[in-house]
Amino acid sequence: MTVKDLAEKIEVKAKEVLKKLMEKRMVLTINTTLDTETATMIAREFGADVKMRTFEEEMVVLESEVIDPGDLVPRAPVVTVLGHVDHGKTTLLDAIRETRVAEQEAGGITQHIGAYAAEIDGRRIVFLDTPGHEAFTMMRARGASVTDVVVLVVAADDGVMPQTQEAIDHARVADVPILVAINKIDKSDANPERVKQELAERELTPEDWGGQTVMVPVSAKKRDNLDTLLEMILLVTELGEHKANPKRMATGAVLEAKVDRGRGPVATILVQDGTLHVGDNFIVGTHVGRVRALIDDRGQPLKEAEPSSPVEVLGLTGLPQPGDALQVVADAAKARQIALLRQNQAKTLESLQQQLAEGEAKELPIIIKADVQGSAEVLAESLAKLGDERVKIRIIHTGVGAISEWDVLLASTSNAIIIGFNVRPDRNAAGVAEREGVDIRKHSVIYNVTDELKKAMTGLLEPTTRERQLGLAEVREVFKVPKIGLAAGCIVTDGSITRAGDAQARLVRDGVIVHEGRIGSLRRFKDDVNEVKTGIECGITFERFSDIKTGDVIEAFTVEKVATV
Ligand code: GDP
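In terms of the numbering used here, the sequence shown opens at residue 59 and continues consecutively.
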């Protein structure tokens with residue numbers, strides 16, 4: 059909490075709190091966020107009774123709504139489709155969607171939001187439609203259990219394969235019942251009996267052999283027997299008695315999340331309990347929000363979403379991760395408080411260093427942008443290895459090309475730092491990074507990247523040097539200059555281009571640094587000048603370099619020393 063929040067809580071003037079802090083040699087402002095220890099100490103000194111509540115306890119407080127068991131009603135089961143590659147998961151999901159989603163009313167367009175609801179005899183079944191074990195395990199790794207039943211797809215012409223076994227293991231660890239779809243029975247070499255045999259060897263004994271596992275022969279391609287499969291899903295899950303209370307404040311899990319042009323961060327939420335309404339305040343992951351709009355899997359706006367509904371939620375303030383929990387809370391202030399509790403993450407290398415010095419274990423999310431795929435991969439690999447028990451390094455995104463506004467927004471919402479390897483932020487990205495306080499570390503030697511991270515982790519990060527951009531110029535034409543080679547005919551588009559003092563310059567092509575060095579000559583018409591300002595044309599050459607092309611950008615900058623925070 060901030061000094062101001064603390065003062066309000068313990069009912070003393072903020073000025074008094076600041077004075078107390080000053081006595082302890084902490085010169086802060088009323089908006090400074092205090093760590094738990096300091097806040098506790100100060101509160102106790104003012105005679106307040108401080109009780110620590112862990113995050114889990116906070117959640118319990120949240121969930122201690124009075125619940126009437128009489129309000130419980132059955133909810134639709136949620137299905138994840140798993141199986142070996144090419145056994146027909148995607149085909150099966152598409153076939154069910156096309157035959158069982160009442161899409162006519164929406165003009166036949168179903169939109170992909172990460173899940174859809176299918177209907178059979180007026181009853182609903184929700185399918186998560188990102189097949190694959192990664193999605194399933196990632197959700198679980200983040201503590202979400204959304205799946206009521208796993209449909210294991212096994213191709214009748216191929217049998218149990220490595221990923222079939224993997225899927226069985228995943229489902230067992232998650233304690234989720236398995237229903238088998240023996241697929242591709244239309245094929246001439248299909249051998250469902252062999253599949254049953256192989257599954258029985260793995261303790262999935264078919265019902266008709268006296269076992270417990272429901273197995274349905276289907277053809278996803280020919281759409282044969284899909285209704286039986288759906289009926290069986292309902293039958294299997296009925297026994298599980300999946301109930302929810304639509305009268306509660308909603309809880310749910312993030313299935314997908316993305317930053318959408320024009321709509322901001324958008325998440326697909328599976329409402330697991332309660333009802334989610336437009337206007338509800340919520341926390342999701344480390345972010346707060348207020349539901350601005352709900353959109354279902356047919357692109358239709360909704361006023362509210364009941365248990366077991368997949369919906370797109372608009373109105374987030376940041377980008378959550380798949381598997382993050384969503385929790386509706388009574389008011390926005392409470393939401394912010396809990397989000398702060400969760401947000402205890404590093405945003406810059408310096409703050410990471412500081413937090414580590416304070417003895418906190420941290421996770422450091424990193425985004426890597428590089429000039430070529432190879433470098434991005436090598437970097438991701440070597441950085442991931444750097445983590446230890448105090449700092450876990452998590453590469454959340456790697457890509458090739460200039461650092462974009464999207465990269466910066468992703469970094470901002472996930473508290474990540476960006477490593478630019480031989481690449482630069484594009485014009486929008488640089489501005490957004492400054493506004494959002496996103497740390498972009500630019501490098502061109504892999505060793506320097508790992509070295510810098512290592513130093514930050516061991517608390518040895520030196521006062522860093524930081525670049526200050528002086529100006530940008532766009533190359534409009536390229537012409538030959540005797541003895542020198544090529545010169546760039548430019549227009550200065552931002553700041554000024556200068557060759558004074560310790561100014562340096564780099565040539566950037568499509569966001570990738572082509573050359574870094576000093577400006578050889580700077581001319582207005584035939585005259586040498588020291589500086590050219592925005593909007594003015596000039597001729598530029600580099601010292602000992604002349605591979606310049608029309609459309610390149612020349613950036614003038616200086617390097618300054620800054621002390622660590
Ligand atoms: P996934 O990797 O498990 O998602 O598999 P896909 O759904 O992409 O299917 C792999 C291939 O199998 C595709 O060429 C499908 O057309 C084919 N396929 C899927 N289901 C069937 C089926 O029931 N019968 C036949 N003959 N082919 C199928």
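Beta carbons: idealized from backbone N, C-alpha and C, even for Gly.
C-beta contact flag for V566 and V536 at 9 Å: no
Cβ-based burial, L293 [other Cβ within 10 Å; buried from 16]: It is exposed - the Cβ of L293 has fewer than 16 other Cβ atoms within 10 Å.
Whole-angstrom distance between R133 and T295, CA atom to CA atom: 10 Å
Proximal residues to L468 (C-beta, below 8 Å), its chain only, five neighbours per side dropped: Sequence-distant Cβ neighbours of L468 in its own chain, meaning closer than 8 Å and more than five residues away, are V317, L377, I425, I454, H455, A474.
Complete beta strand (DSSP E) runs within the segment 526-587 (minimum length 3 residues, chain order): 543-556, 562-567, 570-575, 577-582
Cβ separation of A308 and V386, assumed to be a contact under 8 Å, to the nearest whole Å: 5 Å
CA-to-CA distance, S277 to A248, given in whole angstroms: Rounded to whole angstroms, the separation of the alpha carbons of S277 and A248 is 11 Å.
Residue nearest to L374 in terms of C-alpha spacing, selected from D331, R356, V312, L407: V312
Given 8 Å, three or more beta-carbon pairs between the segment 553-561 and the segment 581-591: yes
Residue of L262, E289, D244, W267 minimising C-alpha distance to K280: D244
C-alpha gap between L76 and V70, whole angstroms: 11 Å
Cα-Cα separation between G187 and R83, rounded to whole angstroms: In the sequence as displayed, the identity of residue 187 is Asp instead of Gly. For D187 and R83, the distance between alpha carbons rounds to 56 Å.
Proximal residues to L437 (C-beta, below 8 Å), its chain only, five neighbours per side dropped: Excluding sequence neighbours, L437 sits near I426, A428, T456, I477, F479, I504, V507.
With 16 other Cβ atoms within 10 Å as the buried cut-off, status of G165: Confidence at G165 is low in this model, with a pLDDT of 49, below 50, so the placement of that residue is unreliable and no value is reported for it.
Spatial distance of C596 from A531 (CA atoms): 9 Å
Straight-line Cα distance separating V207 from A486: The identity of residue 486 in the sequence shown is Asn, whereas the question assumes Ala. Approximately 45 Å, taken between the alpha carbons.
Near ligand 1: N486 beta-carbon under 8 Å from a heavy atom: no
Whether M80 touches K67 by CB criterion (9 Å): Going by C-beta atoms, M80 is not nearer than 9 Å to K67.
Beta-carbon proximity check, P380 vs Q330, cutoff 9 Å: Taking the C-beta atoms as reference points, Q330 is found no nearer than 9 Å to P380.
Segment contact flag, the segment 353-369 with the segment 171-186, C-beta cutoff 8 Å, min 3 pairs: yes
Local conformation of M59 per DSSP, three classes: coil
Euclidean distance between Cα positions of F615 and F600: 14 Å
Candidates K541, P540, G529: closest to C548 by CA position: Nearest C-alpha to C548: G529.
Per DSSP, the bridge partner or partners of N283: Under DSSP, N283 takes part in no beta bridge, so it has no partner.
contact_flag[the segment 138-152, the segment 267-274] where n(CB pairs < 8 Å) is 3 or more: no
Candidates S502, H170, G310, P423: closest to G445 by CA position: P423
Cβ-heavy atom distance, A229 to ligand 1, below 8 Å: no
C-beta neighbour in chain C for E81, strict 9 Å: Absent here is chain C; the protein component of the structure consists of one chain.
Assigned secondary structure, A614 (DSSP; H/G/I helix, E/B strand, else coil): Of the three classes helix, strand and coil, the one that applies to A614 here is strand, per DSSP.
Proximity test, V430 beta-carbon vs ligand 1 heavy atom, cut-off 8 Å: Not under cutoff, so the answer is no.
From A390, H335, G343, residue whose alpha carbon lies closest to that of S367: Answer by Cα proximity: H335.
Check: I226 C-beta below 8 Å from any heavy atom of ligand 1: no
Counterpart residues of E421 in DSSP-defined beta bridges: Note: E421 sits in a beta bridge opposite K450.
Delimiting residues of the beta strand (DSSP E) encompassing Q385: 383-387
DSSP bridge partner residues for S367 (one or two, in chain order): V329
D509 (DSSP reduced to helix, strand or coil): helix
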